[in-house]
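Okay, so here's the structure we're looking at.
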Amino acid sequence: MVSLSDKPASGLDGVARPHADVIDVAQYSFGRWKMAAGLVALATWLATLWWLFLPYVMGQATPIDNFLGKIGRGYLWGEDSLWAQTYANQCLTKNYFGCSGDTTPFEFIVLQFHASPKSYIVPMFALGLVAICAFAWFFMRRPAPVRFNRKIGAVYGVSAGKFWILPAADFDFVYRGEWDPLSGRFNSSGPMTVWLRNARKPPQKRKFALGAYPPDCDEYGKQLGAALQHFLAGKPGDDRIANAPDHMPLKWWQSSLFGVASLPKNIDSKATDWKLKYAKNLRDKQSFD
1262 MVSLSDKPAS GLDGVARPHA DVIDVAQYSF GRWKMAAGLV ALATWLATLW
1312 WLFLPYVMGQ ATPIDNFLGK IGRGYLWGED SLWAQTYANQ CLTKNYFGCS
1362 GDTTPFEFIV LQFHASPKSY IVPMFALGLV AICAFAWFFM RRPAPVRFNR
1412 KIGAVYGVSA GKFWILPAAD FDFVYRGEWD PLSGRFNSSG PMTVWLRNAR
1462 KPPQKRKFAL GAYPPDCDEY GKQLGAALQH FLAGKPGDDR IANAPDHMPL
1512 KWWQSSLFGV ASLPKNIDSK ATDWKLKYAK NLRDKQSFD
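Residue numbering for the sequence shown follows the numbering used here, starting at 1262 and increasing by one per position.
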């Protein structure tokens, strides 16, 4: 394992070096989605405080009072004088919605829903959306990195439960600056993009956008890709990644209740087995040709 005691910090964020022959690179898109989810959550909580909590504390009406009455507050549970009167007058006395004098509070809810399903479904959908906006950030965890292993001679990672890999000799990348107001960069930086193959179905490819988000320098993806090409070729250490830490630091806003995803413990052996099988298939093909 690379010693950290006497080496300076890495020149690029989003990389770790758990072994002299291994570089792990973060998945770029997570950072963007995590930051966006955090800002949405903050806005949602502030709006909830302003529109719901403060009016409730001050004894004023809130935007969800009408919906709470529709689902039984005031006659099925809790206190709500307006909806208690609605149940007593419109249902038991005037028999609206198909009520009778024997209609129970729960039956009143069912009759209201039958009369106007949309008035229930739309608010419930809206409340569900608000809940997602308020809590999604807490559950989004950083995905496992993509590994560049020059000892094995492969680039590999996992996504959606599948193993993706590429021989180091075939490694190439694409860089394109992106217009990203969230990070405050406008076509001056962006991720390194690579395509890995499905280990079981090699013709199937998947795109991986790699690097730290937000990028910490101009043309970040281009610099990262060049440094990794340098690394895989076994050339002398590139200062941009040579002194990367053993473990990738986790910024506070990237935290999750589920922790951080990591690569499977047996992923290096799987990559070795795949590489041997790939080499054998390549030799067989060359012999056939």
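Ideal placement from N, C-alpha and C gives every residue a C-beta, glycine not left out.
ask   = Ends of the beta strand (DSSP E) at Val1407?
value = One-based indexing of the sequence shown puts residue 1407 at position 146. Element bounds for Val1407: 1407-1410.
Taking just the CA atoms, how far does Arg1437 sit from Gly1272? Start at 1 with the first residue of the sequence shown, and residue 1272 comes out as number 11. Start at 1 with the first residue of the sequence shown, and residue 1437 comes out as number 176. So the two alpha carbons sit approximately 20 Å from each other.
Start-to-end residues for the alpha helix (DSSP H) that takes in Ala1298: Locating residue 1298 in the sequence shown gives position 37, counting from the first residue. Residues 1289-1309.
Taking the C-alpha atoms as reference points, what is the distance between His1280 and Ala1487?
-> Reading the sequence shown from its first residue, position 19 is the one you call residue 1280. Reading the sequence shown from its first residue, position 226 is the one you call residue 1487. Using only the alpha carbons, I get a separation of about 20 Å.
Practice problem: Compute the beta-carbon to beta-carbon distance between Gly1414 and Ala1429, rounded to the nearest angstrom, for a pair I have assumed lies under 8 Å. | Solution: The residue labelled residue 1414 in the question sits at position 153 within the sequence shown. The residue labelled residue 1429 in the question sits at position 168 within the sequence shown. That pair is a contact at about 4 Å.
* Spatial distance of Ala1270 from Val1416 (CA atoms) -> Counted from its first residue, the sequence shown places residue 1270 at position 9. Counted from its first residue, the sequence shown places residue 1416 at position 155. Because the pLDDT of Ala1270 is 49, which lies under 50, any placement of that residue in the model is unreliable, and the number read from its coordinates should be weighed accordingly. Between the alpha carbons of Ala1270 and Val1416 lies a gap of roughly 24 Å.
Flag this pair as yes or no: are the beta carbons of Gly1359 and Leu1372 separated by less than 8 Å?
Taking the first residue of the sequence shown as position 1, residue 1359 is located at position 98. Taking the first residue of the sequence shown as position 1, residue 1372 is located at position 111. Against a cut-off of 8 Å, the Cβ pair of Leu1372 and Gly1359 comes out as a contact.
| field | Secondary structure of Ser1420, DSSP reduced to three states | value | Translated into positions along the sequence shown, residue 1420 becomes position 159. Strand at Ser1420.
**Report entry** Pro1428 - DSSP class collapsed to helix/strand/coil
**Finding:** Taking the first residue of the sequence shown as 1, we reach residue 1428 at position 167. The answer is strand: DSSP assigns Pro1428 an E or B state.
Next on the checklist: Given this structure, state the Cα-to-Cα distance separating Asp1431 from Lys1512, to the nearest angstrom.
Outcome noted: Here the question's residue 1431 lines up with position 170 in the sequence shown. Here the question's residue 1512 lines up with position 251 in the sequence shown. Straight-line Cα distance between these residues: approximately 33 Å.
**Report entry** Residue span of the alpha helix (DSSP H) that contains Trp1312, given as start and end
**Finding:** On the sequence shown, residue 1312 is found 51 positions in, with the first residue counted as 1. Counting along the chain, no alpha helix (DSSP H) covers Trp1312, and no H or E run does either.
Measuring straight from C-alpha to C-alpha, what distance separates Leu1353 and Pro1384? In the sequence shown, residue 1353 corresponds to position 92, counting from 1. In the sequence shown, residue 1384 corresponds to position 123, counting from 1. Rounded to whole angstroms, Leu1353 to Pro1384 spans 26 Å at the Cα level.
**Item:** Segment limits, alpha helix (DSSP H) that includes Lys1466
**Value:** Residue mapping note: residue 1466 aligns to position 205 of the sequence shown, counting from 1. No alpha helix (DSSP H) holds Lys1466; the beta strand (DSSP E) holding it covers 1466-1471.
- CA-to-CA distance, Arg1461 to Ile1284, given in whole angstroms: Along the sequence shown, read from residue 1 onward, the residue named residue 1284 stands at position 23. Along the sequence shown, read from residue 1 onward, the residue named residue 1461 stands at position 200. Near 24 Å, if we compare the C-alpha coordinates of Arg1461 and Ile1284.
- Cβ neighbour criterion (16 or more within 10 Å) applied to Ala1505: Within the sequence shown, residue 1505 is the residue found at index 244, counting from 1. So Ala1505 counts as buried.
For this session: Below 6 Å CB to CB, which residues in the same chain sit around Ala1405 once its five sequence neighbours on both sides are set aside?
Result: Locating residue 1405 in the sequence shown gives position 144, counting from the first residue. Here the set comprises Val1419, Ala1522, Ser1523, Leu1524.
Review point. Is there contact between the stretch 1390-1401 and the stretch 1300-1309, where contact requires at least three CB pairs shorter than 8 Å?
Key: Yes, the stretch 1390-1401 touches the stretch 1300-1309.
ask   = Whose C-beta lies closer than 6 Å to the C-beta of Tyr1381 among residues of the same chain, with five residues either side of it excluded?
value = Start at 1 with the first residue of the sequence shown, and residue 1381 comes out as number 120. Result list for Tyr1381: Phe1374, in chain order.
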